[in-house]
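Protein sequence lines, in the order shown, are assigned to chains A and B.
For reference, each letter of the first sequence is one residue, going 29 to 437 in the numbering used here.
For reference, each letter of the second sequence is one residue, going 16 to 257 in the numbering used here.
Okay, structure first, notes after.
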Amino acid sequence: MNTNQRDAARVAWRNIWRNRSRSLVIVASVGIGLWAGIFLIAFYNGMIRQRIRSAIDREVSHLQVHHPRFSDDHDLRYHLGDAGAILGRLRSDPGVLVAAPRIVAHGMVSTAAGSAGVVINGVDPALEARLTLLSAKVAEGAYFTAGGRQEVIVGLRLARKLRLALHRKLVLTVSDRQGSLSSAAFRVAGIYRTPNTPYDEANLFIRLPDAAALCAMADSVNELAVLLHRDEAADSLAAVLSAAFPTAEVKAWKDLAPEMQVLVATTGSMLYVFMGVILLALGFGIVNTMLMAVLERTREIGMLLALGMSRPRVFGMVLLETFLLVMAGCPAGIAAALATVALTGRQGIDFSVFSRALESFGWETRVHPQLASGDLRRIVLLVILTALVAALLPARRAFRLRPADAMRK
Amino acid sequence: MNPQHRNMETVIDAHDLVRTYDADTVPVHALDHVHLHIARGEFVALRGPSGSGKTTLLNMIGGLDRPDASHVLIDGANITAMRDRELIEFRLRHIGFVFQAYNLIPVLTARENIEFILLLQQRPAAERRSRVAELLAQVGLSDKAGKRPAELSGGQQQRIAVARALAAKPRFVLADEPTANLDTAAAGNLLDIMSRLNREEGMTFIFSTHDPRVIERARRVITLEDGRVVADEVRNPDRCEN
Numbered sequence: 029m030n031t032n033q034r035d036a037a038r039v040a041w042r043n044i045w046r047n048r049s050r051s052l053v054i055v056a057s058v059g060i061g062l063w064a065g066i067f068l069i070a071f072y073n074g075m076i077r078q079r080i081r082s083a084i085d086r087e088v089s090h091l092q093v094h095h096p097r098f099s100d101d102h103d104l105r106y107h108l109g110d111a112g113a114i115l116g117r118l119r120s121d122p123g124v125l126v127a128a129p130r131i132v133a134h135g136m137v138s139t140a141a142g143s144a145g146v147v148i149n150g151v152d153p154a155l156e157a158r159l160t161l162l163s164a165k166v167a168e169g170a171y172f173t174a175g176g177r178q179e180v181i182v183g184l185r186l187a188r189k190l191r192l193a194l195h196r197k198l199v200l201t202v203s204d205r206q207g208s209l210s211s212a213a214f215r216v217a218g219i220y221r222t223p224n225t226p227y228d229e230a231n232l233f234i235r236l237p238d239a240a241a242l243c244a245m246a247d248s249v250n251e252l253a254v255l256l257h258r259d260e261a262a263d264s265l266a267a268v269l270s271a272a273f274p275t276a277e278v279k280a281w282k283d284l285a286p287e288m289q290v291l292v293a294t295t296g297s298m299l300y301v302f303m304g305v306i307l308l309a310l311g312f313g314i315v316n317t318m319l320m321a322v323l324e325r326t327r328e329i330g331m332l333l334a335l336g337m338s339r340p341r342v343f344g345m346v347l348l349e350t351f352l353l354v355m356a357g358c359p360a361g362i363a364a365a366l367a368t369v370a371l372t373g374r375q376g377i378d379f380s381v382f383s384r385a386l387e388s389f390g391w392e393t394r395v396h397p398q399l400a401s402g403d404l405r406r407i408v409l410l411v412i413l414t415a416l417v418a419a420l421l422p423a424r425r426a427f428r429l430r431p432a433d434a435m436r437k
Numbered sequence: 016m017n018p019q020h021r022n023m024e025t026v027i028d029a030h031d032l033v034r035t036y037d038a039d040t041v042p043v044h045a046l047d048h049v050h051l052h053i054a055r056g057e058f059v060a061l062r063g064p065s066g067s068g069k070t071t072l073l074n075m076i077g078g079l080d081r082p083d084a085s086h087v088l089i090d091g092a093n094i095t096a097m098r099d100r101e102l103i104e105f106r107l108r109h110i111g112f113v114f115q116a117y118n119l120i121p122v123l124t125a126r127e128n129i130e131f132i133l134l135l136q137q138r139p140a141a142e143r144r145s146r147v148a149e150l151l152a153q154v155g156l157s158d159k160a161g162k163r164p165a166e167l168s169g170g171q172q173q174r175i176a177v178a179r180a181l182a183a184k185p186r187f188v189l190a191d192e193p194t195a196n197l198d199t200a201a202a203g204n205l206l207d208i209m210s211r212l213n214r215e216e217g218m219t220f221i222f223s224t225h226d227p228r229v230i231e232r233a234r235r236v237i238t239l240e241d242g243r244v245v246a247d248e249v250r251n252p253d254r255c256e257n
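Encoded structure:
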């Protein structure tokens with residue numbers, strides 16, 4: 029900043045405090061607007077990240093490998109012929125946290141109380157515990173008992189629907205790999221609960237060997253689920269695997285749960301609407317304040333033009349005053365927002381009163397707001413940009429004043 | 016041209032100036048074919064009743080307004096033909112202004128108000144400092160350098176305005192009713208300063224005024240009525256040539 033710019037900033041700074049109460053209203057508006065904007069972004073970030081985390085950690089993992097036609101109709105004929113080779117490749121990759129084989133079949137569960145369509149997941153209990161954290165979600169009973177056979181873990185919602193309790197029997201029926209109907213009886217070993225009730229209602233878990241027997245898939249599996257150390261590595265590893273195993277279809281979590289992308293986009297749009305409302309209110313406040321300031325100083329601006337202050341300088345003076353006004357409100361707004369995000373991020377915001385509605389959409393009931401890198405910079409820039417755009421009208425008014433007319437007013 | 020000034024160097028030369036306001040409705044002839052020649056070093060009062068065209072004429076020769084017809088030459092430069100940007104720059108470099116009111120920037124101190132013109136001209140800091148000190152001394156307000164306008168009397172504010180008008184060493188100073196809001200002592204003091212600057216430094220001053228105290232001190236008095244020059248008298252021609 030050279031001497032002239034410093035002097036201009038000094039004059040502008042003094043000018044904005046000529047009407048202290050009016051300027052303080054704008055400073056407070058900027059502070060509150062920033063606080064609300066930053067917190068809103070952090071809140072939605074927290075919600076989305078938790079939902080994505082939940083989808084990856086409990087539902088779809090980072091990657092899944094299937095037969096290319098499996099996703100069309102989930103027919104058990106479409107199994108993975110080279111599952112062993114793919115698993116070997118995955119387990120040798122340092123970026124892979126855990127890779128687990130599964131047999132996934134769409135079938136029917138029947139009890140004395142009724143029946144329901146379900147997804148039967150045949151899993152390796154030890155690997156699955158690391159993959160989906162299912163063991164930690166068992167609310168009643170056990171996560172498969174040692175040496176037990178024909179055990180099933182069902183979701184709480186399904187258990188309630190079919191009036192299932194621990195140790196009760198149920199019958200699973202599938203169309204096996206040969207296309208024949210196959211049924212087997214299982215006993216409820218545990219009841220799990222996740223924050224996603226539709227998932228709990230649709231998914232049950234049995235041991236992999238039991239699933240192989242039920243589905244006539246003794247020598248194969250139809251799904252490999254993979255959890256990575258880093259979310260960002262999913263796409264690149266999917267590409268590598270697709271190239272190495274062209275007969276298999278490898279999908280990353282974004283493709284496995286496309287609703288997540290919709291969710292991110294929809295929530296992002298909502299966020300823009302909220303931010304737009306906040307910025308619009310702020311913009312109108314600034315237009316009003318700066319127009320008042322220009323109107324009050326019409327004679328003075330006329331005098332400045334008469335003395336030889338150029339019109340671009342007058343225009344810049346109004347913009348600079350607006351900029352400084354906004355910058356005066358920024359520190360308090362940012363500090364308040366960071367403190368709020370830190371506090372609520374650590375403790376979470378409890379929405380358990382809406383738990384039924386939230387869980388039916390797969391949302392957690394405690395939201396931990398968090399800021400992503402660049403969020404703060406983006407919103408501060410948006411606020412400054414809004415203020416400068418809002419100041420264009422008053423600045424234009426000052427710019428267009430004719431000195432002789434202005435000094436007569 | 017006034018015969019007594021025929022041999023002096025002309026600073027302001029205006030021919031046949033016409034300015035009509037609200038020409039679409041009820042036309043008001045603010046200036047009606049006015050001829051004006053001001054020589055370097057003159058101390059001129061433009062007098063006349065309200066609405067006679069004093070301020071309009073001052074605005075024309077200060078480049079704050081443009082005539083409907085004809086032009087104004089300042090040291091031979093046709094300011095009427097200048098584009099807005101050129102005219103602003105011309106005013107900054109060559110014309111000093113003292114207004115009746117709202118003269119100073121309220122958030123700046125007396126020193127900063129004077130320095131403001133030099134800042135606009137992007138003069139070096141050292142030059143600004145010495146020039147401001149010199150001007151404050153000339154108007155006798157060195158001890159008020161750090162005061163803001165609200166802390167100064169009306170007379171002191173006008174003296175600071177005169178100092179600011181002189182800061183850029185203009186070709187002439189235009190003063191629009193500079194004593195209108197001043198008491199007799201303050202007006203006398205201000206006129207003393209301007210008269211001394213005129214006498215000792217040859218600075219040209221042109222006032223618009225109703226004030227008999229100013230008219231009494233002027234060495235040339237131009238009387239306007241209904242936008243026309245009705246009298247142009249030189250009272251102390253010997254003192255003009257200092």
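Even for Gly, the Cβ is constructed at its ideal location relative to N, Cα and C.
All of these numbers come straight from a predicted model, not from anything done at the bench.
Could you tell me which chain A residues have their CB closer than 7 Å to the CB of residue i, listed as they occur along the chain?
i	result
B:LEU122	In the sequence under discussion, the amino acid at residue 122 of chain B is Val, which differs from the Leu named in the question. The answer, in chain order, is VAL39, ARG42, ASN43, ARG46.
B:PHE114	MET331, MET435
Using the beta-carbon of each residue, which ones in chain A are nearer than 9 Å to residue i?
i	result
B:ASP80	ARG430, PRO431, ALA432, ASP433
B:ILE89	The premise fails here: B:ILE89 is roughly 14 Å from chain A at the closest Cβ pair, so nothing lies under 9 Å.
On a CA-only basis, which of the options is nearest residue i? Give me that one, please.
i	options	result
A:PHE379	A:PHE71, A:GLU156, A:ARG46, A:ARG34	A:PHE71
A:GLY14	A:ASN149, A:ALA261, A:SER203	This structure cannot speak to residue 14 of chain A, because chain A is shown only from 29 to 437.
B:PRO42	B:ASP83, B:LEU239, B:ARG138	B:ASP83
A:ALA213	A:SER203, A:ILE219, A:ASN224, A:LYS197	A:LYS197
A:PRO122	A:THR317, A:PHE351, A:ALA261, A:ALA365	A:ALA261
B:GLY91	B:ARG55, B:ASN118, B:ILE132	B:ARG55
A:GLY135	A:ARG81, A:ASP103, A:VAL411	A:ASP103
A:ARG18	A:ARG46, A:ILE44, A:ASP85	Lying before the first or after the last residue shown, residue 18 of chain A is absent from chain A, which here runs from 29 to 437.
Would residue i count as contacting chain A if we go by Cβ distances under 8 Å?
i	result
B:PHE222	no
B:LEU239	no
B:LEU107	yes
B:GLU104	yes
B:GLN19	The pLDDT assigned to B:GLN19 is 48, lower than 50, so where the model puts this residue is not dependable; a value taken from the coordinates is nonetheless given after this. Chain A contact via Cβ: absent.
B:ASN128	no
B:ILE94	no
B:ASN118	yes
B:THR35	no
B:MET218	no
Whose C-beta lies closer than 7 Å to the C-beta of residue i among residues of the same chain, with five residues either side of it excluded?
i	result
B:GLY169	ASN196, LEU197, ALA201
A:ALA356	VAL55
A:GLN206	ALA244
B:ILE94	GLY78, VAL87, LEU102, PHE105
B:VAL229	ALA60, THR194, LEU206, PHE222
A:ALA365	LEU62, TRP63, ILE66, PHE67
Which same chain residues end up closer than 6 Å to residue i when comparing Cβ atoms and leaving out the 5 residues on each side of it in sequence?
i	result
A:PRO397	ALA70, PHE71, GLY74, VAL369, THR372, GLY373
A:ALA423	PHE343, VAL346, LEU347
A:LEU255	SER89, HIS90, LEU125, VAL126, LEU159
B:GLU240	GLY63, SER67
A:ALA187	ILE219
A:ALA157	SER163
Which bits of chain B does residue i rub up against, with CB to CB less than 8 Å?
i	result
A:ALA423	Per Cβ cutoff of 8 Å: no residues; A:ALA423 is ~17 Å from chain B at best.
If you drop the 5 nearest sequence neighbours on each side, which residues of the same chain put their C-beta closer than 8 Å to that of residue i?
i	result
A:LEU309	Going by the sequence as given, residue 309 of chain A is Ala instead of Leu. Excluding residues within five positions, the ones whose Cβ falls inside 8 Å are SER57, GLY61.
B:SER210	PHE58, ARG232
A:ALA170	ALA217, GLY218
What does residue i touch in chain B if you count any residue whose Cβ is under 9 Å from its own?
i	result
A:SER338	ARG100, ILE103, GLU104, LEU107, LEU135
Say whether chain B places a C-beta atom closer than 8 Å to the C-beta of residue i.
i	result
A:LEU386	no
A:LEU6	The shown model of chain A, from 29 to 437, leaves out residue 6 of chain A, and the question about it has no answer.
A:ASP35	yes
A:GLU328	yes
A:VAL417	no
A:ALA56	no
A:LEU352	no
Show which residues of chain A have a CB atom less than 8 Å away from the CB atom of residue i.
i	result
B:ASN74	ALA432
B:ILE132	LEU335, GLY336
> Is there contact here, the stretch 174 to 186 of chain B with the stretch 143 to 150 of chain B, by at least three beta-carbon pairs under 8 Å?
Replying inline: yes
> At a cut of 8 Å, does the stretch 184 to 193 of chain B reach the stretch 68 to 77 of chain B through at least three beta carbon pairs?
Replying inline: yes
> Are the stretch 174 to 193 of chain A and the stretch 131 to 143 of chain A touching by the rule of at least three beta carbon pairs closer than 8 Å?
Replying inline: They touch, by the three-pair rule.
>> When you compare the stretch 310 to 328 of chain A with the stretch 107 to 121 of chain A, are there three or more beta-carbon pairs, one atom per stretch, that lie closer than 8 Å?
In response: Note that the stretch 310 to 328 of chain A does not touch the stretch 107 to 121 of chain A; fewer than 3 beta-carbon pairs, one per stretch, sit closer than 8 Å.
>> Taking 8 Å as the cut-off, does the stretch 213 to 222 of chain B touch the stretch 160 to 174 of chain B (at least 3 CB pairs, one atom from each stretch)?
In response: no
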